[in-house]
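In this text, residue positions in the sequence shown follow my numbering: the first is 109, and each later residue adds one. Every residue gets a Cβ at the ideal spot worked out from N, C-alpha and C, and that includes glycine. Report on one structure; see the data block that follows.
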Amino acid sequence: MQAPRFFPLAAAAAAFLSLAACGGGGDDDIKEAAPTATACPAAVPSTARCLQGQDSAGAHYLIAMPQSWNGTLVLHAHGGPSLEAPTQERAVEDLTRWAIAVKAGYAWAGSTFRQGGVEVRAAAEDTERLRRIFRKHVEKPRRTILHGQSWGAGVAAKAAEMFTAETVGTQPYDAVLLTSGVLAGGTRSYDFRLDLRAVYQYLCNNHPRPTEPQYPLAIGLPADSTMTQADLSARTAECLGLNRTAAQRTPEQQAKVQTIERVVRIPASSIQAHLNWGTFHFQDVVARRTGGASPFGNIGAQYTGSADDAALNAGVQRLRADPQAVQRFGADTDPTGRIPVPVLSTKWISDPTAFVELDAYFKEVMVRGGAGDRFVQTFTTQGTHSYISDPTYPTLLAALLQWVDAGVKPTPAGIAQQCPSYEAAFGAGCSFAPDYVPASLDTRVTVRERP
109 MQAPRFFPLA AAAAAFLSLA ACGGGGDDDI KEAAPTATAC PAAVPSTARC
159 LQGQDSAGAH YLIAMPQSWN GTLVLHAHGG PSLEAPTQER AVEDLTRWAI
209 AVKAGYAWAG STFRQGGVEV RAAAEDTERL RRIFRKHVEK PRRTILHGQS
259 WGAGVAAKAA EMFTAETVGT QPYDAVLLTS GVLAGGTRSY DFRLDLRAVY
309 QYLCNNHPRP TEPQYPLAIG LPADSTMTQA DLSARTAECL GLNRTAAQRT
359 PEQQAKVQTI ERVVRIPASS IQAHLNWGTF HFQDVVARRT GGASPFGNIG
409 AQYTGSADDA ALNAGVQRLR ADPQAVQRFG ADTDPTGRIP VPVLSTKWIS
459 DPTAFVELDA YFKEVMVRGG AGDRFVQTFT TQGTHSYISD PTYPTLLAAL
509 LQWVDAGVKP TPAGIAQQCP SYEAAFGAGC SFAPDYVPAS LDTRVTVRER
559 P
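Right, here's the structure in full:
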């Protein structure tokens, strides 16, 4: 299948036209139903009001307005992505997690996206559509901050590239906040998950089993496979004992777990989640996004850290990424760095899901794209992938607003100094490390040949 060629401005214009087809081209000229009142999640202040709806593309959304609104909208792009059809419950879960924004005086709006699966540009379009719904039917914010979390950070980065003053007519986003981001794009962020599939199969040989139809691991699963996450968990329990503590595993199981930890450089606690992604999300990518060909490969990768690296490298399945699939997947998911507004990011240094080294790669992308002077990175010593701490986010949002309103570009040191002033209102949790600089992505993920 011939992969289409994409050019950033042309693709952005096409996305704009797809949104405009729902109405006119302006923010207020949209044919979208108004949201309706709904009860707010319990985590949101009781004085806030919430609105819900479903847009013309099928995405559910939820909006929260604080009683004392500061005039800024935080437009949220969620992580994952889920492979299931979207439901309103997803938006409720997101607002519950990010209720800190409403507590700090910001309006919050989040879309479930119109579909499950790994499609970044479509999710960016859904996010932009929600911004227009908010402006048309709720309020016209003084400022709009686009916030992306985890996989959603890639969505936010892509949306900020696609929807600009040049493509929209007015600047839709004043600034961008990227938290715990998977920021190296689809063609670089997931290499280690293919490595995990290859090393796991070498060690365990049960995904697939020798008695089952064989397939290249880079496709995740055959398109017609009915395997479930429970099925896969049973196989990892059998081979690695991931359902047990380290002390409860057999010596053979623990040795295999430690081999994966050393070779793939992920902790045991995240093996199952990454293996799930490298199975079911890879299946979604190949079967639904890249025409049946895989953009993932490990040709040339030399794995180290096992008891016998020569045997490992000779025995793992070798897979070549399809050039057209790489082009197609990259056009949808890879950042270009051409973001015309201030961008601030944060990452827990020990994040086992979105490695901190991804941020080093994203910085290179921003510099190449001409936005290096509009980009500031911060890092924390505490947190989780899903959430760092309550005072962290109001600190970052305030720094972004000062940058936009007063032209005062924040520094990691300044943000670290400001954070404790938010602990009185939002609790303890400041752990910014202003001097931290992540190593390059190639120090974390095994280098390989690329098309």
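List the residues that DSSP assigns as beta-bridge partners of L254.
According to DSSP, L254 bridges with L183 and V284.
Looking at the unbroken beta strand (DSSP E) that takes in L170, where does it start and where does it end?
Unbroken beta strand (DSSP E) run through L170: H168 to M173.
Can you list, in chain order, the residues of its chain whose CB lies under 7 Å from that of R552, leaving out five sequence neighbours each side?
Excluding positions up to five away in sequence, the list reads R373, F463 and E465.
With a threshold of 6 Å on Cβ separation, who are the neighbours of H255 within its own chain once the five nearest residues in sequence on each side are excluded?
The beta carbon of H255 sits closer than 6 Å to the beta carbons of V182, H184 and L285 from its chain, once the five residues preceding and following it are set aside; these are given in chain order.
Given a cut-off of 8 Å, decide if G405 and R370 are closer than it, judged by their beta-carbon atoms.
Contact annotation: R370 and G405 have beta-carbon atoms that are not nearer than 8 Å.
Opposing strand residues paired with C158 [DSSP bridges]:
The partner list for C158 (beta bridge, DSSP) reads T146 and A172.
Cβ neighbour criterion (16 or more within 10 Å) applied to D543:
The residue is exposed, with fewer than 16 neighbouring Cβ atoms inside 10 Å.
Among residues of its own chain, excluding the 5 on either side of A273, which ones have a beta-carbon nearer than 6 Å to its beta-carbon?
Around A273: Q279.
For the region 149-156 against the region 202-211, do three or more pairs of beta-carbon atoms, one drawn from each stretch, fall closer than 8 Å, so that the two count as touching?
The region 149-156 vs the region 202-211: in contact.
Boundaries (first-last residue) of the alpha helix (DSSP H) holding A306
From DSSP, the alpha helix (DSSP H) with A306 extends over D299 to C312.
Give the DSSP-derived three-state secondary structure of K266 in the structure shown.
Residue state, collapsed to three classes: helix.
Pick helix, strand or coil for I407, following the three-state DSSP scheme.
Reduced to three states, the DSSP call for I407 is coil.
Per DSSP, what kind of secondary structure is G218 in: helix, strand or coil?
Note: G218 maps to strand in three-state DSSP.
Thinking C-alpha only, which one of Y501, Y469 and A536 is nearest G262?
Residue Y469 is the option with its Cα nearest to G262.
Just the Cα atoms here: how many angstroms apart are A306 and F487?
Taking the straight line joining both Cα atoms gives about 31 Å.
Ends of the alpha helix (DSSP H) at Q380?
Unbroken alpha helix (DSSP H) run through Q380: I379 to N384.
Proximity below 8 Å, CB of H315 to CB of R343:
Going by C-beta atoms, H315 is nearer than 8 Å to R343.
In the structure shown, what three-state DSSP assignment does V451 receive?
Residue state, collapsed to three classes: strand.
Taking all protein chains shown into account, decide if E236 is buried (16 or more other Cβ within 10 angstroms of its Cβ) or exposed.
When all chains shown are included, E236 counts as buried.
Between A212, T275, R229 and L549, which has its C-alpha nearest K266's C-alpha?
For the residues A212, T275, R229 and L549, the minimum Cα distance to K266 belongs to R229.
Is W456 helix, strand or coil by DSSP?
W456 sits in a strand when the DSSP states are folded into three classes.
Is the distance from the Cβ of T461 to the Cβ of A541 below 8 Å?
It is not a contact, given that the beta carbons lie outside the stated cut-off.
Can you tell which of G399, Q510, P528 and T492 has the C-alpha that lies nearest to the C-alpha of P499?
Of the listed residues, the one whose Cα sits closest to P499 is P528.
Would you say the region 348-367 touches the region 285-297, given that touching needs at least three Cβ pairs under 8 Å?
Counting C-beta pairs with one atom in each stretch, the region 348-367 and the region 285-297 have fewer than three that are closer than 8 Å, which means they do not touch.
Which residues share a DSSP beta bridge with F534?
DSSP lists no partner for F534.
Distance check for I253 and T180, CA to CA, integer angstroms please.
In this structure, the straight-line span from the alpha carbon of T180 to that of I253 is close to 7 Å.
Would you kindly work out how many angstroms separate the C-alpha atoms of G218 and I138, rounded to a whole number?
Across the structure, G218 and I138 are spaced so that their CA atoms are roughly 18 Å apart.
Segment limits, alpha helix (DSSP H) that includes T275:
DSSP places T275 inside the alpha helix (DSSP H), whose first and last residues are A273 to V276.
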